[in-house]
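Novice:
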Amino acid sequence: MVNRVYVIGVGMTKFEKPGRREDWDYPDMAREAGTNALADAGVSYEAVRQAYVGYVYGESTSGQRAVYELGMTGIPVVNVNNNCSTGSTALFLAAQAVRSGTVDCALALGFEKMQPGSLGATYEDREQPMMRHIQALAEISEVGMPPAPWMFGAAGREHMAKHGSTPEHFARIGEKNHRHSQNNPYAQFQDVYSLEEILDAPMIYDPLTKLQCSPTSDGSGAAVLAGEDFVAANGLAEQAVEITGQAMTTDFESTFDGSAKNIIGHDMNVQAARQVYEQSGLGPRDFRVIELHDCFSANELLLYEALGLCAEGESPRLVEEGATTYGGTWVVNPSGGLISKGHPLGATGLAQCAELTWQLRGRAGARQADGVDAALQHNIGLGGAAVVTAYQRANRGG
């Protein structure tokens with residue numbers, strides 16, 4: 013039996029600069045986000061039959077320690093680590109458990125307590141999982157540091173050389189996402205910057221300035237998922253949001269075909285999106301709101317093409333036309349995205365889920381887009397995994 017899967021409750025913490033909230037440890041974050049999600053769902057933790065808990069930096073069984081803040085009911089708790097796509101991977105696994113009929117209610121929770129500054133390796137005595145990607149990029153691009161902005165910046169440079177995009181196109185994406193976040197009380201940054209300020213910010217890796225790069229962050233997000241019988245039995249149809257398509261892909265052989273965009277996941281993104289469009293029966297223009305993985309502005313621009321919002325090479329036109337902000341065809345990253353909302357790795361995918369759930373319910377406050385009947389989520393982790401999810405209101409048919 014294949015069950016329909018619904019998001020019935022979401023919650024998150026405000027994303028913060030690492031260490032900004034004194035004595036705020038990951039169990040505190042998980043308790044806050046998880047309690048908010050359960051309250052939003054209107055169910056107790058005792059209703060949850062499995063929990064999938066994501067984090068990148070932490071000791072083994074930190075997932076158990078985190079959800080013990082919500083209750084100790086003996087249920088299976090699965091620890092999840094999939095780089096920057098960890099939160100959406102937890103969501104994928106929880107949805108899979110519900111869809112298969114294994115459980116009728118599951119929790120996906122993610123958190124991160126990060127160190128300030130650029131991401132670094134935890135273990136130096138073994139092969140780094142990204143080494144093959146880094147070596148492949150080094151063969152076609154001058155090596156830069158830190159690694160993450162170099163990798164995405166190199167893909168941006170490749171797009172500039174092939175398709176004529178300019179530093180201003182990338183900067184305008186940064187400007188848009190900072191502008192969107194001014195209305196998000198959960199965002200790490202709520203400051204608005206002019207295009208000139210974005211361009212004049214310190215250069216991290218040309219063409220990416222500091223205000224086009226996601227920061228390290230502390231925070232947590234959570235989602236409660238349930239099957240259709242659980243939704244009906246508990247009278248949750250009015251608030252439920254259906255996951256109508258979901259796919260996860262990992263690297264293909266084409267990742268190492270000599271192009272920077274594939275090294276940062278282009279084909280993973282394309283294939284995951286295609287699967288979701290087929291599952292949901294929806295196409296790119298059916299989604300009014302999109303939360304996508306703008307770890308760097310260059311990645312957002314490349315994702316316009318990978319997700320099918322436009323043909324290859326046409327993403328600069330979308331930027332110029334304002335097609336991805338309020339008044340355009342889509343509202344992309346109304347939350348402020350990773351660039352401005354923040355990027356606590358394990359929580360990012362679940363914060364995206366929360367934002368889209370609020371948008372579909374019409375409860376996103378000053379961020380609310382008009383006419384949201386369907387929403388699309390994209391989250392990626394290099395090394396690698398891409399997760400794409402389509403959502404629709406459960407009661408859309410009346």
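According to this note's numbering, the sequence shown is numbered sequentially starting from 13.
Glycine is no exception: its CB is placed at the ideal position from the N, C-alpha and C atoms.
Locate the beta strand (DSSP E) running through C117, then write down its first and last residues.
Specialist: If you number the sequence shown from 1, residue 117 lands on position 105. Under the DSSP assignment, C117 falls in the beta strand (DSSP E) whose first and last residues are 117 to 124.
Novice: Assuming V110 and A284 form a contact by the criterion Cβ under 8 Å, report the distance between their Cβ atoms to the nearest whole angstrom.
Specialist: Here residue 110 refers to the residue found at position 98 of the sequence shown. Here residue 284 refers to the residue found at position 272 of the sequence shown. About 20 Å; that fails the 8 Å criterion.
Novice: Taking Cβ positions, are Q147 and G354 nearer each other than 8 Å?
Specialist: Here residue 147 corresponds to residue number 135 of the sequence shown, with the count starting at 1. Here residue 354 corresponds to residue number 342 of the sequence shown, with the count starting at 1. No.
Novice: Give me the Cα-Cα distance between Q76 and A252, rounded to the nearest whole angstrom.
Specialist: Numbered from its first residue, the sequence shown carries residue 76 at position 64. Numbered from its first residue, the sequence shown carries residue 252 at position 240. Going from the Cα of Q76 to the Cα of A252 covers about 27 Å.
Novice: Assign R379 to one of three DSSP states: helix, strand, or coil.
Specialist: Residue numbering aside, residue 379 sits at position 367 when the sequence shown is read from its first letter. DSSP places R379 in helix when its eight states are reduced to three.
Novice: Does the segment 368 to 378 come within contact of the segment 223 to 234, defined as at least 3 CB pairs closer than 8 Å?
Specialist: no
Novice: With respect to the alpha helix (DSSP H) encompassing Q224, which residues constitute its N-terminal and C-terminal limits?
Specialist: Here residue 224 is taken as the residue at index 212 of the sequence shown, counted from 1. Neither: Q224 is in no alpha helix (DSSP H) and is coded neither H nor E.
Novice: Could you check which residue in A366, R16, W342, G334 has the C-alpha nearest to that of Y198?
Specialist: Counted from its first residue, the sequence shown places residue 198 at position 186. Per the Cα distances, A366.
Novice: In or out: N407 buried (at least 16 other Cβ within 10 Å) or exposed?
Specialist: Here residue 407 is taken as the residue at index 395 of the sequence shown, counted from 1. So N407 counts as exposed.
Novice: Is the Cβ-Cβ distance between N246 and V79 less than 8 Å?
Specialist: For the purposes of this step, residue 246 is taken as the residue at position 234 of the sequence shown. For the purposes of this step, residue 79 is taken as the residue at position 67 of the sequence shown. No; because the gap between Cβ atoms is not below 8 Å, this pair is not in contact.
Novice: Give the C-beta separation of Y217 and P161 to the nearest angstrom, bearing in mind that I take them to be a contact with Cβ-Cβ under 8 Å.
Specialist: The residue given as residue 217 occupies position 205 in the sequence shown. The residue given as residue 161 occupies position 149 in the sequence shown. That pair is a contact at about 4 Å.
Novice: Less than 8 Å between the beta carbons of F299 and L362, yes or no?
Specialist: If you number the sequence shown from 1, residue 299 lands on position 287. If you number the sequence shown from 1, residue 362 lands on position 350. Not in contact: F299 and L362 (Cβ atoms no closer than 8 Å).
Novice: For the alpha helix (DSSP H) that contains V331, what are its first and last residues?
Specialist: Position 319 of the sequence shown, counted from the first residue, corresponds to residue 331. Run containing V331: 327 to 333, per the alpha helix (DSSP H) assignment.
Novice: Name the DSSP beta bridge partners of Q371, please?
Specialist: Residue mapping note: residue 371 aligns to position 359 of the sequence shown, counting from 1. Looking at the DSSP assignment, Q371 forms no beta bridge with any residue, so it has no partner.
Novice: Tell whether a beta-carbon distance below 8 Å holds between V65 and V92.
Specialist: Taking the sequence shown and counting its residues from 1, the one referred to as residue 65 is at position 53. Taking the sequence shown and counting its residues from 1, the one referred to as residue 92 is at position 80. The answer is yes: Cβ separation under 8 Å.
Novice: Determine the burial state of G410: buried for a count of at least 16 other Cβ atoms within 10 Å of its Cβ, exposed for fewer.
Specialist: If you number the sequence shown from 1, residue 410 lands on position 398. Any reading at G410 needs caution, since the residue's pLDDT is 40, under 50, leaving its predicted position unreliable; the model's value is listed next. Label assigned to G410: exposed.
Novice: Take G257 and list the residues in its own chain whose beta-carbon comes closer than 6 Å to its own, dropping the five residues that flank it on each side.
Specialist: Translated into the one-based positions of the sequence shown, residue 257 becomes position 245. Same-chain partners within the cutoff: V288, Q291, S292, A402.
Novice: Does DSSP put D212 in a helix, in a strand, or in coil?
Specialist: Here residue 212 refers to the residue found at position 200 when the sequence shown is read from its first residue. D212 falls in the helix class under three-state DSSP.
Novice: Three-state secondary structure (DSSP) at N189?
Specialist: Looking up residue 189 in the sequence shown gives position 177. N189: helix per DSSP, three-state reduction.
Novice: Just the Cα atoms here: how many angstroms apart are Y135 and Y69?
Specialist: Numbered from 1 along the sequence shown, position 123 holds the residue referred to as residue 135. Numbered from 1 along the sequence shown, position 57 holds the residue referred to as residue 69. Answer to the nearest angstrom: the Cα atoms are 11 Å apart.
Novice: Measure the alpha-carbon distance for Y338 versus E170 and round it to whole angstroms.
Specialist: Counting from one through the sequence shown, the residue named residue 338 turns up at place 326. Counting from one through the sequence shown, the residue named residue 170 turns up at place 158. About 29 Å.
Novice: Please go through the same chain and pick out, in chain order, the residues whose beta-carbon is closer than 8 Å to the beta-carbon of E58, but skip the five residues on each side of it.
Specialist: Numbered from its first residue, the sequence shown carries residue 58 at position 46. Closer than 8 Å at Cβ, skipping near neighbours: G83, T85.
Novice: Looking only at its own chain, which residues have a Cβ that is under 6 Å from the Cβ of K26, when we skip the five neighbours before and after it?
Specialist: The residue given as residue 26 occupies position 14 in the sequence shown. Leaving aside the five residues that flank K26 on each side, the residues in its chain whose CB is nearer than 6 Å to its CB run, in chain order, Y198.
Novice: Where do the N-terminal and C-terminal ends of the beta strand (DSSP E) with V243 fall, by residue?
Specialist: Here residue 243 corresponds to residue number 231 of the sequence shown, with the count starting at 1. Where V243 is concerned, there is no enclosing beta strand (DSSP E), although the alpha helix (DSSP H) it sits in stretches over 240 to 245.
Novice: Exposed or buried, D279, counting other C-beta atoms within 10 Å across all chains shown (16 or more means buried)?
Specialist: Within the sequence shown, residue 279 is the residue found at index 267, counting from 1. It is buried - the Cβ of D279 has at least 16 other Cβ atoms within 10 Å.
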